[in-house]
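Following: one structure in structure tokens, then a few remarks.
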Amino acid sequence: MKKKIILFIFILTLTFSLTSCGLLNIFKNRDKLAYSFSEEEGVELIQKMEAFPDRVPTLSSTEFKTEWAMINLDIYEVATCVSLSSIKYSMYGEEETMNDYLRFTELFNEILDLQNKIMVAVYNSPHKDEFFKDYTEEEILAMINDNYPSQYYELSNTATELTTQYTALDPESADWATKADEIYVELVSIYNQMSKLLGYNNYLEHAYKDIYARDYTTSDAKLFSYYVSNYISDEGLLLYNDAIDDFTSMATFAQAKIQAFNSGLYNDYKFYFDKYAKHIGGSYLETYEYAWSDYSYVFFGNENSQPGAYTTYIYNQLEPAMYFGPGYQNILTVVHETGHYYAATELQGLDIPLDLAEVHSQANELLFLDYIEQYYLTDFSESNMNMIHRTNFSEMLINIIISTIVNDFEMLVYQESNLTVGKLDYLLNQACIPFGGLEYINTAIGTDLREYCRLVTIEHPGYYISYAMSLIPALELYSAGKEDLSLAIDKYLDLCTSEEDFLVSLEAAGLTSPFEEKVYIDICNIY
0 MKKKIILFIF
10 ILTLTFSLTS
20 CGLLNIFKNR
30 DKLAYSFSEE
40 EGVELIQKME
50 AFPDRVPTLS
60 STEFKTEWAM
70 INLDIYEVAT
80 CVSLSSIKYS
90 MYGEEETMND
100 YLRFTELFNE
110 ILDLQNKIMV
120 AVYNSPHKDE
130 FFKDYTEEEI
140 LAMINDNYPS
150 QYYELSNTAT
160 ELTTQYTALD
170 PESADWATKA
180 DEIYVELVSI
190 YNQMSKLLGY
200 NNYLEHAYKD
210 IYARDYTTSD
220 AKLFSYYVSN
230 YISDEGLLLY
240 NDAIDDFTSM
250 ATFAQAKIQA
260 FNSGLYNDYK
270 FYFDKYAKHI
280 GGSYLETYEY
290 AWSDYSYVFF
300 GNENSQPGAY
310 TTYIYNQLEP
320 AMYFGPGYQN
330 ILTVVHETGH
340 YYAATELQGL
350 DIPLDLAEVH
360 SQANELLFLD
370 YIEQYYLTDF
380 SESNMNMIHR
390 TNFSEMLINI
400 IISTIVNDFE
410 MLVYQESNLT
420 VGKLDYLLNQ
430 ACIPFGGLEY
440 INTAIGTDLR
450 EYCRLVTIEH
460 PGYYISYAMS
470 LIPALELYSA
480 GKEDLSLAID
490 KYLDLCTSEE
500 DFLVSLEAAG
510 LTSPFEEKVY
520 IDICNIY
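Start counting the sequence shown at 0; every next residue gets the next number (numbering that gives the first Met the number 0).
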């Protein structure tokens, strides 16, 4: 199915690292982030879209195509402004840019509302066959029945404003946690209101199906959580702590070399990424070379920029963009985002399931590690390379555990009929019970899971199961790459060009479903 193009930013949040990394001295021309769509142009576009449904039956085929094409050009300009204003705010933190982002997001929500009304009008017009020529009747009906009420978009704008209030909080202030919790509880209420307008019981049910395009339900995710708690949890925590213990027992110079690779700047290890891209060749190499040319949209922040790394899409240029903030400019983060970048280039910005998108990024990291081990082992020594693999593999397992707990916590939160700030800690404790309890998890991973949940559930509700779900096939590819790297890469490239649903894409590539018990046993046997 060809899906509607929507805006989405892929966020990479690294749960753990052995060291923090510095900053790259790479800056694009600020003009690359220029955007222009005035409030007057926005008003004019909305007026055109409001009038268009009544005009549709009166237009000739040529007139219809021309007017709709002109409207679409403006829609793509607005979508581009959302992406560029987001990157510009990440780079420079300007209040004016944040206000631009809010304005463009609100405008885009108005556009989505009117776009749905236009599709209904076209469906009942002589232009139906031409407009929907790439869709089956079932897909068409699904699209026009996706007609969200205007109140949905009004609530969405309120949620965006609340989220920006959260990002503006000072994390060093004594009342940060309290204010963050208050915002979160209000957001949960708004997201649930939005979902109930569409007939769902809670936001996660809506998010799974409509926002993240998942081909499994929240009930299915409970089976996934069962497998993670029964196989990955104990094994992952054991491997993670064993890796830390073995790392600390190594000689200082060996530790430094491993730390340098895991957390060192991209430029220091660019040689290996260059060779990896050449090894894959074809469109992957072409995309890689373009990404690091002067013409691409790739941005590295400075010490004043926002942390994090993400990939988005520049719609009027039909190409992706990558942003790397302070602390997220190491080689493996760059490899991760380049996986998103390559798939977005191949799929030309097509909306795809987020679980599949995260396979693109996480499998790219793991196959990169397989490649270095097979072709450049002598550059690191066998013991050092083994430790690099073990630390990254065990961190992947920890990310599966943490992301699954986050999802289980969110399921409890969004199902709570009378959520208050005082209930949040209790619900997190409940989510952690199958994994050994909150205190056990916090001790094992050396972090405050409650604080981590604040960070990820406010800005990215319902997202984090994608990290866990996608890591299952990514780790399967990693294991396959140790036996036959070329075959594993071929499967990976198939996934990067698939327009199908997540589970269908895995099956087509010869990979195991995350809902099959056997794959968890195989993953636990990698080391």
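Glycine residues also receive a C-beta, built at the ideal position from the N, C-alpha and C atoms.
{"Item": "Tell me whether Ser170 sits in a helix, a strand or coil according to DSSP, three-state version.", "Value": "Residue identity differs from the one stated: residue 170 is Pro in this sequence, not Ser. Looking at Pro170 - three-state DSSP - the assignment turns out to be coil, as it is neither helix nor strand."}
{"Item": "Closest by CA to Asn315, which one among Leu476, Leu72, Leu502?", "Value": "Leu72"}
{"Item": "With three or more C-beta pairs closer than 8 Å as the rule, is the stretch 94–106 touching the stretch 150–169?", "Value": "yes"}
{"Item": "Jot down the residue ranges of each uninterrupted alpha helix (DSSP H) in the stretch 325–396, minimum 4 residues, whole runs only, in chain order.", "Value": "330–346, 353–374"}
{"Item": "So the alpha helix (DSSP H) Ile464 belongs to, where does it begin and stop?", "Value": "464–482"}
{"Item": "Since Ser402 and Ala467 should fall inside the 8 Å C-beta cutoff, what is the C-beta to C-beta distance between them, to a whole number of angstroms?", "Value": "4 Å"}
{"Item": "Count the other CB atoms, across all protein chains shown, that sit within 10 Å of the CB of Asn301; report buried if there are 16 or more and exposed otherwise.", "Value": "exposed"}
{"Item": "Excluding the five sequence neighbours on either side, which residues of its own chain have a C-beta within less than 8 Å of the C-beta of Thr419, listed in chain order?", "Value": "Val184"}
{"Item": "Going by alpha carbons, who is nearest to Lys269 out of Leu423, Glu288, Gln258, Glu234?", "Value": "Glu288"}
{"Item": "Mind pulling the beta strand (DSSP E) runs of 3 or more residues that sit fully within the stretch 243–313?", "Value": "296–299, 308–313"}
{"Item": "Quick check: the Cα distance between Leu222 and Asp407, rounded to an integer number of angstroms?", "Value": "11 Å"}
{"Item": "Just to confirm, is the Cβ distance from Tyr275 to Phe367 under 8 Å?", "Value": "yes"}
{"Item": "Apart from the five residues on each side of it in sequence, which residues of its chain come closer than 7 Å, Cβ to Cβ, to Asp354?", "Value": "Arg213, Ser465, Met468, Ser469, Phe501"}
{"Item": "When we look at the beta-carbon of Val333 and count the other beta-carbons within 10 Å, is it buried (16 or more) or exposed?", "Value": "buried"}
{"Item": "Write down the C-beta distance between Pro472 and Leu426 rounded to the nearest angstrom, noting that I regard them as a contact closer than 8 Å.", "Value": "With 8 Å as the limit, Pro472 and Leu426 do not qualify as a contact, their Cβ atoms being about 30 Å apart."}
{"Item": "Between Arg453, His459, Glu318, which has its C-alpha nearest Leu83's C-alpha?", "Value": "Glu318"}
{"Item": "For Leu17, does the three-state DSSP call read helix, strand or coil?", "Value": "Interpretation of Leu17 is limited by its pLDDT of 33, a score under 50 that renders its predicted location unreliable; no figure is taken from the coordinates."}
{"Item": "Examine the Cβ distances between the stretch 109–120 and the stretch 44–51 and report whether three or more of them are shorter than 8 Å.", "Value": "yes"}
{"Item": "Using the three-state DSSP reduction, which class does Thr135 fall into: helix, strand or coil?", "Value": "coil"}
{"Item": "When the Cα atoms are used, what is the spatial distance from Ile74 to Ile440?", "Value": "46 Å"}
{"Item": "Per DSSP, what are the beta-bridge partners of Met69 in this structure?", "Value": "DSSP lists no partner for Met69."}
{"Item": "Using C-beta distances below 8 Å, list every residue in its chain close to Ile532, excluding the 5 sequence neighbours before and after it, in chain order.", "Value": "Residue 532 lies beyond the residue range present for the chain, which begins at 0 and ends at 526; the question has no answer from this structure."}
{"Item": "Would you mind reading off the limits of the beta strand (DSSP E) that contains Tyr320?", "Value": "Per the sequence presented here, residue 320 reads as Ala, with Tyr not at that position. Unbroken beta strand (DSSP E) run through Ala320: 318–323."}
{"Item": "Measure the alpha-carbon distance for Val518 versus Ala259 and round it to whole angstroms.", "Value": "32 Å"}
{"Item": "Which first and last residues belong to the alpha helix (DSSP H) in which Phe434 is found?", "Value": "Here Phe434 belongs to no alpha helix (DSSP H), and DSSP marks it neither H nor E."}
{"Item": "Compare the beta carbon distance of Gly509 and Lys490 with 8 Å and say whether it is the shorter of the two.", "Value": "yes"}
{"Item": "Which residue comes first and which comes last in the alpha helix (DSSP H) that contains Asn98?", "Value": "94–122"}
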